[in-house]
Amino acid sequence: MIHVQTMWGWPIAWYLFLAGVSVGTYIVAAYCQYSKRQDHLVKIGIYLTAPCLGLSIFLLWLDLGHRMRFPYAFLRPQESWISIGAWLLTLFFILAAFQWLKQFFNRDNQPGTDKAAGWVWGLGIILALLTAIYTGILLGVVQAIPFWNTAILPMLFLISALSTGIGAVLLVAVILKKSREAVQSNTEGFHFLAKVDGILVLLEIACLAFYLIIMAKSGVAASASTHMITSGSLAAAFWLGVVVIGLLIPFILEFKSFKANAAKLNVTQTAVTGICLLLGGLALRYIILAAGIYEAGSPFI
Amino acid sequence: MAWKLSRRSFLKWTGISVGSGMVLGASSNELRLSNLVFADEPPQNEDSGTWKHTACAMCLMCPMQAKVENEKIVDVRGEDIYPWKGKVCAKAYGGIWGRVYAPDRILYPLKRAGERGEGKFVRCSWDEVLDAVSTKLKEYINAGHPEWFETWWGCPVQTDNMYFIHYWARITGTGISYMHGQICFGDNTAEKALTFGSNRAGDLVGGTADYVNCKYALIAGQNFPGAVFTPGTTCGSSAFFPVFLKARENGFRYTLVDPKLTDSGALADDWLPLKPGSDAALMMAIANVLIKDHMYDEDFLLTYTNAAQLINSENKQAIKDSSGNYMVWDSSKNSAVAMNEAGTKQGDLGLGKSFDVNGVKCQTALGAWAEIVAEYTPEKAVEVCVLPFTADKIIEIAHDLGNNRPASLVSAGFTTGRYTNWFQVLRTYSLVNLLLGNIERPGGWYFPKHKFKLSSGWPAPPEVPEYPDPELKVVPGPWGNKMSIKSLDKAPCYTTPPKYHPDTVALPWEHFPAIKEGKIKALFSTAENSAITQVNTTMVYECLHQLELIVVGEQLPKEFVELADYVIPEASYVERNHLYTFTALGQDGREHATAMMRSTAIKPQGESQPVSWFLTELGKRIGLGAYFENIDQQYGYWDSMLEEAGLSVKSKELVENGPYQESYPMEYNVLSMPIPTRSGRFEIYSNELAENCYYNEASPWKESLLVYPLPLYVPIAEPKNQDEFYLVSGKATWHQKNATQDNRYLMESGIEGGCPYMPVYLNAQKAKDLGIKENDLIELECIGPLESEDEWVLDDCNMGFKDTVRVHLSEGLHPAVAFTHFAAGHKSKLMLSKVREGIVHSEFVPLSVEPYGGGCGKNYSIVKIKRVGG
Amino acid sequence: MARYGMVIDLKKCVRCRTCYVTCKIFHNIPNEFESGHSYSRIRLVEPEVGQYPSVRRFFIPVHCMHCDNAPCVEVCPTGASYLAENGIVRFDPEKCIGCKYCILACPYQARYYNHETGMADKCDFCEDRLKAGLKPYCVQTCIGNAITVGDLDDPNSEVSQIIKTEGAVPLYPHLGTKPKVYYCNIK
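For the protein sequence lines, the chains are G, U and Y, in the order given.
Taking my numbering, the leading residue of the first sequence gets 1, the next gets one more, and so forth.
Taking my numbering, the leading residue of the second sequence gets 1001, the next gets one more, and so forth.
Taking my numbering, the leading residue of the third sequence gets 2001, the next gets one more, and so forth.
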């Protein structure tokens, strides 16, 4: 008796996706800041984080049945991952917003005055990583839906968060004239990000493959979910959206960055890479939600 | 409603306590509410209303109490009498909240405002309807043909005072027909009457058996125990299930014989799926084993049946002596003697023997049948019935029946007339029961000894004037009623010889040509939906469209409402009075003779009125008011019936105090009543069939195998190709009939569980062979049986009818069969749209009529199926 | 303090759906034809098992299991779902924010989301009625008296006796939810 969950759909998929993007953009910003890579990449990262996170929180809030009661959601962080998430998202958002504002209001001032102190960044990195992992644990603790009930999900979502974050930064970096020029004149940081993402994509492919293979053998419900994704009603979305668009195309395009003499920056290809990574991340979240099938083994036979 | 308020207070309490809990800052939820007492919250069932005694009508008439608060029914429950012990089922609840209080209930008269069948109506006044109808009546009466106006009714409990409507027909000279009754159980009654006697037919048709002491039964073609017709009470679970549970405690087992693993039939110990229409072969194979292995009750057969009756071995006609008596062979005298009435063991069973009676070679009735049955070995039955088992299974079943006799029985079910050969099928079931000797024995068929017998209650002069046409003969009608011998339903039963058995309850197929020929011009339909319950919907609609006037009485929309010129709002079954009597067999192993009143728990809602009021008003307008207007429909009518039945209790007492019951121990006595068959015995060889039909020169059924005096297997038309199926229908426990359809509480997808109500079912493997997957869209096309294939098919104008529907695959279905839930699908646009997801079964069933018994082959349909979408 | 549990004896179930309909009506749960959704506090599970002709069809009414280790309690961010001292897993409609996590977390799919109220809902063993000394609706109206609710901590209570004598078992015990609804004679 296969029952697919119908409670969490697109609003939650967007929420998970955007939260992941904001984590990725923040980590990119943090890394670029501390490895002294191009400052415009740091700026882009910070400018993207709070809005993406804010939007994701807004969508989460929209999905509630009783929106004005949302303060109650903070009440049980000792057990409920939604409560934990509420705290994490709030703290992360406050920090990200603070960094956004500092950056914005100090944009014409002395370089360096628009950046936060070291401990803020440190805290931010912790909150970001926890947020990404949390989005996976949120689903991961649900025993009732075997396809979600795995530690692989937090890992997968973390990798995807970082990857989509890089994608967002790359996309914005080549779209905005000022930063495009900056990147074109010094492609080192850019190529570094592309390489990192190339590795992340490989990791994601491995993780995803591992996830599906394990799930295919984990009982009636989990294998039905896997089937739905690989050859059932979600197959087109999965193979096209997640695999081809979200993983293969970016990887092929990023592969060029691994070549030693890849000095020239191709704007179009970079933009496409960014868009594909983002689409793939969204598709991944949605498919995993849509393939959530309740425990279906019968104990009576 | 009271409980809604208490819920809000509950919420208020929790709000306060939650607030204070939060203030206390405790994160342990248990402390917040569990120690607070809900000081002033009265739960729903506290005494803030009155429980009134009334009855349900969603299948038959379970006694029911309705709690009335501020003139609204807020709760229902059963009466605490045997066998209900306080219970009523889901349908009772659905009936109140999904029918009586349905948001789309018809509460005022409606007049058609478009083409007939368009379903467009405007509100009108009662006066307008009464004027229109009485004008038509006067027209017909003046033309000398009041019978051009007919009343059709179908459900004895959904309609008001079924006796009064027959009386009204008698007085006005209009026609009347219990249209639905015939496709429900008409030919079953006829078969039981001629095998066991008319006085036993009702109880046998109702399946009255001593299940509490029964050890093993073969239950065929029914949703058992969920929709079993317990004596005069229910077609549902509430009365029979407690008895069933007691039977189970005592070791009762049963095998379900049915092409489908029926809804509650899944509780059976075993399931024997067989090809539709082939039951006779199965029964004959069982008889074959019982005879071969000497597992029949010889004493019973010789004492109570005509097993030993002598017939001519050549022409199989009965041998009679010079005084016209049937004969048996007396071995002590070595000659044939006159057969006595039942009660004395007499004669020689004569299996395998022949006798010489005045030079004529003779055999016994059982001997002759044994010869026929000898051909039906278990192996042959496996082949004919397309059973997915070996012959051993049949032998096992036969032995189980034989070893447990007489506490074993075979039951063919209540609803009937399934195929043209059904009469013979029923005969084979009856004969197996006779072989087992299970009549009036512990664990077998049983006839309650204590009954309150109701007559029709018709008022007579001087209470009312002398009846018009005083010479008009009336004959028995359905449910103890009376009707004119000239009525379409009865005239053919009183010809010489009778064309149809007089105990059939209606002859629907006589009415449709009559409409076409202008012999019926106007129709009043109450508590029935012949538009789609009669077979061959194409033909039915053609006829209905020809009528000058259609008036339909109802509470909820349905096809007949859509076709009506006027719709009158009928008072529902809790808004009027009606008397019922029956004797139920209880789980305590006793007879409970019961008299009960359905009563007016709430007044008729909106402008609705009981049908008796409508007919009385009509009667007044056509100058016959004196016959109707002084009748007290609340109490007076019923008091006279109670008195006639020998009861001193008054209807008002029944209304105020609830059902009156007298309880008695069961008494097993085969001859508690005479056996009014021709031979005075239970008939293995039916002398009535022989003399009225098979050998009768004047009978239209002469020499038809379907009326052969010994039961035969007569094949019916078959699907020929891999994509052709029998289309059969059956019931679910939470759905019964017209009354349960279009009911928002009984039709949600949540209630379906694993038995979706709207799709057509196919055997999973068969579907796979045809490339059909679960929930695909399939198209059904009606391709048979054709008039050319089966001589008893009278009208196949619906051949070629097509419809699409979703499919549900099941392993619990014979591969030759496509299954639809009875009356699930509808085509009326006025009903909940979900009903249009199903098919209308009758669209696919041509009109076929059984000789003599008059069954309308309501399952006799062959369809071609193909996949048309995903 | 009683610790409430339930036992359903399936040999006494005739599949009449009376429990389903009465629960629906008396808890005023929106009807499918009005709300567009099929909501119920009782889920009717009716699996068909086997291959023609050896087929069985089971019928299992699934209520809230009132688990002692309820996933819905664990995941609820507001405490709207909580285990009371009397063993009933309660639902506090004042605190539900409609996040739907509990509906996903229940492996028995015993909870449903009411789109009109924007909140979850589920069986509460008709606690109001229990407190008034009455039986829950499903227990009261069941044709076969198949359902019994009572104190699991009292070995002499009817529910404890039936569980013991009939060898009743709960659903999905391997999940560690410690459900308190038991079933017997499933066949």
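Even for Gly, the Cβ is constructed at its ideal location relative to N, Cα and C.
Quiz item: Who are the near neighbours of D1469(U) in its chain, counting only those whose CB is closer than 8 Å to its CB and skipping five residues on each side?
Solution: Against the second sequence, residue 1469(U) aligns to sequence position 469. Taken in chain order, the residues that qualify are G1173.
Quiz item: Name the chain U residues whose beta carbon is nearer than 8 Å to that of P2047(Y)?
Solution: Position 47 of the third sequence, counted from the start, is the residue given in the question as residue 2047(Y). Here the neighbours are G1754.
Self-check item: Three-state secondary structure (DSSP) of D2128(Y)
Solution: Position 128 of the third sequence, counting from 1, holds the residue named residue 2128(Y). Of the three classes helix, strand and coil, the one that applies to D2128(Y) here is helix, per DSSP.
Quiz prompt | Of the listed residues D1075(U), A1057(U), E1071(U), E1554(U), nearest to Q985(U) (C-alpha basis) | solution = Since the displayed chain U opens at 1001 and closes at 1870, residue 985(U) lies outside it and no answer follows.
Practice problem: Give a yes or no on contact between the region 1262 to 1281 of chain U and the region 1689 to 1707 of chain U, applying the rule of three or more CB pairs nearer than 8 Å. | Solution: no
Quiz prompt | chain U within 9 Å of I2143(Y), Cβ atoms only | solution = To locate residue 2143(Y), count along the third sequence from 1; it is residue 143. Chain U contact via Cβ: present.
Quiz prompt | Span separating the alpha-carbon of P1156(U) from that of S1455(U) | solution = Taking the second sequence and counting its residues from 1, one reaches residue 1156(U) at position 156. Taking the second sequence and counting its residues from 1, one reaches residue 1455(U) at position 455. Cα to Cα, the separation comes out at about 15 Å.
Quiz item: Taking E1718(U) as the reference, which of L1710(U), L1727(U), P1711(U) has the closest Cα?
Solution: Mapped onto the second sequence, residue 1718(U) falls at position 718. Looking at the Cα atoms, L1727(U) is the closest of the given residues.
Self-check item: Residue span of the alpha helix (DSSP H) that contains D1127(U), given as start and end
Solution: Taking the first residue of the second sequence as 1, we reach residue 1127(U) at position 127. Here the alpha helix (DSSP H) through D1127(U) covers 1126 to 1142.
Quiz prompt | Separation of R1418(U) from Y1872(U), as counted between CA atoms | solution = Absent from the structure is residue 1872(U), since the part of chain U shown begins at 1001 and ends at 1870.
Exercise. Under 8 Å Cβ to Cβ from I1096(U), same chain only, skipping five residues before and after it: list those, please.
Key: As a working note, residue 1096(U) is residue 96 in the second sequence. Here the set comprises A1066, I1073, V1076, V1574.
Quiz item: Going straight from the alpha carbon of C1856(U) to that of G1480(U), what length do you get?
Solution: Here residue 1856(U) corresponds to residue number 856 of the second sequence, with the count starting at 1. Here residue 1480(U) corresponds to residue number 480 of the second sequence, with the count starting at 1. Whole-angstrom Cα-Cα distance: 23 Å.
Self-check item: Cβ separation of Q1309(U) and S1679(U), assumed to be a contact under 8 Å, to the nearest whole Å
Solution: Here the question's residue 1309(U) lines up with position 309 in the second sequence. Here the question's residue 1679(U) lines up with position 679 in the second sequence. Right, their Cβ atoms sit about 6 Å apart.
Quiz item: By DSSP, does I12(G) sit in helix, in strand, or in coil?
Solution: Stepping through the first sequence from its first residue, residue 12(G) is reached at position 12. The answer is helix: DSSP assigns I12(G) an H, G or I state.
Practice problem: Taking only the alpha-carbon atoms, compute the straight-line gap between L2010(Y) and T1495(U) and give it to the nearest angstrom. | Solution: As a first step, residue 2010(Y) is located in the third sequence; it is residue number 10 there, counting from the start. As a first step, residue 1495(U) is located in the second sequence; it is residue number 495 there, counting from the start. Going by the C-alpha atoms only, they are around 54 Å apart.
Quiz prompt | Top-ranked residue by Cα proximity to S1704(U), from A1287(U), E1850(U), C1385(U) | solution = Position 704 of the second sequence holds residue 1704(U). The shortest C-alpha separation from S1704(U) is found at E1850(U).
Practice problem: Please list the partners that E1811(U) has in chain Y, where partner means a Cβ-to-Cβ separation under 7 Å. | Solution: The residue given as residue 1811(U) occupies position 811 in the second sequence. What E1811(U) touches in chain Y: E2048, G2050, Q2051, Y2052, V2055.
Self-check item: the ligand NAP heavy atom lying under 8 Å from the CB of P1242(U)
Solution: Annotation note on the ligand NAP: not contained in the displayed structure, which lists no ligands.
Self-check item: CB contact check: G1606(U) to chain Y, cutoff 9 Å
Solution: To locate residue 1606(U), count along the second sequence from 1; it is residue 606. False, the Cβ-Cβ gap to chain Y never drops below 9 Å.
Quiz item: Comparing the C-beta of L64(G) with each C-beta of chain Y, is any distance below 9 Å?
Solution: What you label residue 64(G) is simply residue 64 of the first sequence in a count that begins at 1. Chain Y, which has a Cβ nearer than 9 Å to the Cβ of L64(G), makes this yes.
Self-check item: CA-to-CA distance, E1591(U) to K1085(U), given in whole angstroms
Solution: Translated into positions along the second sequence, residue 1085(U) becomes position 85. Translated into positions along the second sequence, residue 1591(U) becomes position 591. In a straight line, the C-alpha of K1085(U) is about 15 Å away from that of E1591(U).
Quiz item: Does any CB atom of chain Y fall closer than 9 Å to the CB of K1827(U)?
Solution: For the purposes of this step, residue 1827(U) is identified with residue 827 of the second sequence, where counting begins at 1. Chain Y, which has no Cβ nearer than 9 Å to the Cβ of K1827(U), makes this no.
Quiz item: With distances taken from CA atoms, which of D1297(U), P1242(U), H1511(U) is nearest K1588(U)?
Solution: Along the second sequence, one-based indexing puts residue 1588(U) at 588. According to the sequence displayed, residue 1588(U) carries Asp and not Lys. Closest option to D1588(U), Cα to Cα, is P1242(U).
Quiz item: Which residues in the same chain as A1026(U) place their Cβ atom closer than 6 Å to its Cβ, once the five residues preceding and following it in sequence are excluded?
Solution: Against the second sequence, residue 1026(U) aligns to sequence position 26. Low per-residue confidence applies at A1026(U): pLDDT is 35, beneath 50, and the placement is therefore not dependable, though the value from the model is reported in the following sentence. Counting only Cβ-Cβ distances below 6 Å, and skipping sequence neighbours, we find nothing.
Quiz item: Helix, strand or coil for H1166(U) per DSSP?
Solution: Working through the second sequence from its first residue, we reach residue 1166(U) at position 166. Three-state DSSP puts H1166(U) in a helix.
Quiz item: Of the residues that make up the region 2005 to 2025 of chain Y, which ones have a beta carbon closer than 9 Å to any beta carbon in chain G?
Solution: none
Quiz item: Can you tell me the Cα-Cα spacing of P1508(U) and Q2161(Y), whole angstroms?
Solution: Within the second sequence, residue 1508(U) is the residue found at index 508, counting from 1. Within the third sequence, residue 2161(Y) is the residue found at index 161, counting from 1. For P1508(U) and Q2161(Y), the distance between alpha carbons rounds to 56 Å.
Exercise. Decide if the region 25 to 43 of chain G is in contact with the region 69 to 76 of chain G; the criterion is three or more beta carbon pairs, one per stretch, under 8 Å apart.
Key: no
Self-check item: Rounded separation between V183(G) and C32(G) - CA only
Solution: Here residue 183(G) refers to the residue found at position 183 when the first sequence is read from its first residue. Here residue 32(G) refers to the residue found at position 32 when the first sequence is read from its first residue. Near 13 Å, if we compare the C-alpha coordinates of C32(G) and V183(G).
Quiz item: If you draw a straight line from the alpha carbon of M1058(U) to that of V1670(U), how long is it in whole angstroms?
Solution: Within the second sequence, residue 1058(U) is the residue found at index 58, counting from 1. Within the second sequence, residue 1670(U) is the residue found at index 670, counting from 1. Rounded to the nearest angstrom, the two C-alpha atoms are 34 Å apart.
Self-check item: the region 2075 to 2086 of chain Y: positions lying closer than 7 Å to chain G by Cβ
Solution: V2075, C2076, P2077, T2078, G2079
Exercise. Pull up the distance between the alpha-carbon of K2164(Y) and that of C1062(U), whole angstroms please.
Key: For the purposes of this step, residue 2164(Y) is identified with residue 164 of the third sequence, where counting begins at 1. For the purposes of this step, residue 1062(U) is identified with residue 62 of the second sequence, where counting begins at 1. Their Cα atoms are separated by approximately 35 Å.
Quiz prompt | For G1457(U), the three-state DSSP class (helix, strand or coil) | solution = Stepping through the second sequence from its first residue, residue 1457(U) is reached at position 457. In the structure shown, G1457(U) sits in coil (DSSP, three-state: anything other than H, G, I, E or B).
Quiz prompt | Residue range of the alpha helix (DSSP H) that includes V1382(U) | solution = For the purposes of this step, residue 1382(U) is taken as the residue at position 382 of the second sequence. Its alpha helix (DSSP H) spans residues 1378 to 1384.
Exercise. Evaluate M1673(U) with the Cβ neighbour count: other Cβ atoms within 10 Å of its Cβ, from every protein chain shown; 16 or more gives buried, anything less gives exposed.
Key: Mapped onto the second sequence, residue 1673(U) falls at position 673. Answer is exposed; the Cβ neighbour count stays below 16.
Exercise. Measuring only between beta-carbons, confirm whether P2107(Y) sits less than 9 Å from chain G.
Key: Position 107 of the third sequence holds residue 2107(Y). For P2107(Y), the answer is yes, since a Cβ of chain G falls inside 9 Å of its Cβ.
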